[in-house]
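Residue numbers (this note's numbering): 16 to 80.
Glycine is no exception: its CB is placed at the ideal position from the N, C-alpha and C atoms.
Notes to accompany the following structure.
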């Protein structure tokens, strides 16, 4: 039997689960699933979306201004 997860680890697990469920309906590749999970985690934690953005500075990076 394994030890219980910390609250943050449990939330990350839940975000991954949501991301994979979303992938089933949108047919996203697995590489996008991690970005979706990070976005869910950032949203729940009230953090900025900037750390999810993988584009270099000065480009849109999927985030409209």
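For residue 20, does the three-state DSSP call read helix, strand or coil?
Indexing the chain shown from 1 puts residue 20 at position 5. DSSP places residue 20 in coil when its eight states are reduced to three.
Taking 9 Å as the cut-off, decide whether the C-beta atoms of residue 20 and residue 59 are in contact.
For the purposes of this step, residue 20 is identified with residue 5 of the chain shown, where counting begins at 1. For the purposes of this step, residue 59 is identified with residue 44 of the chain shown, where counting begins at 1. In this structure, residue 59 does not lie closer than 9 Å to residue 20 by Cβ.
By DSSP, does residue 62 sit in helix, in strand, or in coil?
Residue numbering aside, residue 62 sits at position 47 when the chain shown is read from its first letter. The answer is coil: DSSP assigns residue 62 none of H, G, I, E or B.
Alpha carbon to alpha carbon, how far is residue 48 from residue 18?
Here the question's residue 48 lines up with position 33 in the chain shown. Here the question's residue 18 lines up with position 3 in the chain shown. Whole-angstrom Cα-Cα distance: 26 Å.
Taking C-alpha atoms, which residue in 24, 62 and 35 lies nearest to residue 46?
The residue labelled residue 46 in the question sits at position 31 within the chain shown. The option with the nearest alpha carbon to residue 46 is 35.
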